[in-house]
Amino acid sequence: MKKVEDLISSAKAVHERYATGRMDREIVRQWILGLGGYPEPYGSRIKESAVWFKSGHNEMDPTELKVTDLASLEGIYRA
Numbered sequence: 001m002k003k004v005e006d007l008i009s010s011a012k013a014v015h016e017r018y019a020t021g022r023m024d025r026e027i028v029r030q031w032i033l034g035l036g037g038y039p040e041p042y043g044s045r046i047k048e049s050a051v052w053f054k055s056g057h058n059e060m061d062p063t064e065l066k067v068t069d070l071a072s073l074e075g076i077y078r079a
């Protein structure tokens, strides 16, 4: 099991980079899908985010998509 403190720090950094346009959605998706197991409540939040990012959501407005993406990321470290 990995350290929760490292997860929180990393999730905040990914959130900030994506929010400011320094990271694209595909990189964020790969990061989330690459996360290992964490204790609850983080584990379930990571699984929810992974499901969200696995789905294409091509029909969504790009602005709405990014807002939802960011909320999903924030949910990981605010768990």
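Residue numbers for the sequence shown, in UniProt numbering: 1 to 79. Heads up, the beta-carbon is just placed ideally off N, CA and C, and yes, glycines get one too. Only a predicted model underlies this, so the values are computations on that prediction, with no experimental measurement involved.
Counting every other CB atom within 10 Å of its CB across the protein chains shown gives Leu33 a total below 16, marking it as exposed. Taken atom to atom, the span from the alpha-carbon of Asp24 to that of Leu35 is near 17 Å.
Listed in chain order, the alpha helix (DSSP H) runs fully inside the region 25-59 are 25-33, 42-54, counting runs of at least 4 residues. In the three-state reduction of the DSSP assignment, Gly75 falls in the helix class. Its Cα nearest to that of Lys2, the residue Gly37 stands out among Gly37, Arg29, Thr20, Glu26.
A residue is called buried once 16 or more other Cβ atoms fall within 10 Å of its Cβ, and Ser55, having fewer, is exposed.
With respect to the 8 Å criterion, Ser44 and Ile76 are not classified as neighbours on the basis of their beta carbons.
A residue is called buried once 16 or more other Cβ atoms fall within 10 Å of its Cβ, and Ile46 is buried on that count.
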